[in-house]
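Here's the structure we're looking at; comments come further down.
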Amino acid sequence: MPGSPGERVTAGDVLTLEELVLFRRASALRGGLLVAHAWLTIAAAAALYVAWPSALTLALAIVIIGARQLGLLVLMHETAHWLLLPQARLNTWVGTWLCAAPLGADLRQYRRRHHLHHRHTQQPEDPDLMLSARWPVARRRLALALLGDLCGFTALTRIASWRRPDGLAATWRRLRAPLVANAVLFGICAAMGGWSLYLLAWVLPWATWHQVVTRIRDITEHGMVIDAADPLRHARTTAAGGLARATLAPYWVNYHLEHHLMVFVPCWKLPRVHALLLGRGLGERMERASGYVEVLARAGG
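Per the working numbering, the sequence shown starts with residue 301, numbered consecutively.
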């Protein structure tokens, strides 16, 4: 098994054939439960605010829902790799309508771009390189960026970027699924607590906390990595306790190194992959952080 820093590690170097088969197996039950968990958590947070409307319950709902919105994109990411559900057509349908469209994302476009990211990770051809290349920055700049996320400024720039001069037909194809999904969400929110609930329990979390956790995700996954050519160092795994998983890192998104090394493994198996890598003596070579505070301190250094 490779052990020296200069030696490239692949999944085949770490796993036996039997382990490869076991780790790559998807589960319709587990995948379905993850999607249900995301939406039930969102519904529970919104219901809490409806039952006891206050600044405190609204703030709590914004954080919980904003994090689960990221969770839906994490599950969309699973469907981009055909890992959420074993049935290909159902995998794409769920990824499109229950994960991507409510947040204005396009699964098919994302899948094409994301596969290029895996093929050229941290190389000039990586389409996501700009997300990590800007770090570190001065602490003041990081604080202003996070404040812009929390105040909704980043969301406004994202909305502006959706406007493309590619014709009415192309614009409709791009926006059709998000408009339909959000019309359904609007109807559900109106039935639960009035039309304003859609703004308070869906749009506001997306425009604020969701932007914060998305930026933090971008920083921690590939920002300030040690060696762009080493599969154990060109992505980072960040330790996350219960609070971090609830508010920042849903559905094992913090195990990003393991995902890049073994892209065929469903997200719910990544903690087992992490334990296996440590057990086989690769811990010293792995790019790891003790928590999100550590990575943000480095990013704002």
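The beta carbon of each residue, even a glycine, is placed where N, CA and C say it ideally should be.
Nearest candidate by alpha-carbon position, reference residue i, set the options
i: G493; options: W352, A328, L322; result: W352
i: A328; options: L358, T392, A311; result: T392
i: A484; options: L403, S354, L356, E594; result: First, the residue type needs correcting, since residue 484 is Val and not Ala in the sequence shown. Ranking the options by Cα distance to V484, first place goes to L403.
i: A501; options: G312, I342, L322, E318; result: I342
i: A401; options: L383, A311, L479; result: L479
i: H556; options: Q369, L450, V573; result: V573
i: G331; options: P571, L390, A355, L317; result: L390
Endpoints, the alpha helix (DSSP H) within which residue i is located
i: Q422; result: Segment: none, Q422 is in no alpha helix (DSSP H) and carries neither H nor E.
i: S432; result: 429-433
i: T508; result: T508 -> no alpha helix (DSSP H), and no H or E assigned at all.
i: F323; result: 317-324
i: V335; result: 328-351
i: G290; result: The question about residue 290 has no answer here: the residues shown for the chain are numbered 301 through 601.
i: N391; result: 388-394
i: P571; result: 570-579
i: E558; result: 556-561
CB-CB length for residue i against residue j, believed under 8 Å
i: G371; j: A338; result: 5 Å
i: A599; j: I519; result: 5 Å
i: C567; j: Y551; result: 5 Å
i: W506; j: A540; result: Not quite, the Cβ-Cβ distance comes to about 22 Å (not below 8 Å), so this is no contact.
i: L577; j: V394; result: Rounded, the Cβ-Cβ distance is 30 Å, inconsistent with contact.
i: L407; j: A388; result: With a Cβ gap of about 13 Å, L407 and A388 do not count as contacting.
i: I364; j: T508; result: 12 Å between Cβ atoms; not a contact.
i: V335; j: V553; result: V335 to V553, Cβ: 15 Å. No contact.
i: R536; j: E521; result: 6 Å
i: P386; j: A326; result: 4 Å
Beta-carbon proximity list for residue i, same chain, < 6 Å, skipping 5 on both sides
i: H534; result: T421, Q422, V525, A528
i: L431; result: D518
i: N482; result: none
i: D449; result: Q511, V512, R515
Cβ neighbours of residue i in the same chain (closer than 8 Å, five flanking residues each side left out)
i: A490; result: L497, Y498
i: A438; result: G600
Distance, residue j Cα to residue i Cα
i: V565; j: T357; result: 37 Å
i: R368; j: S590; result: 23 Å
i: D426; j: A433; result: 11 Å
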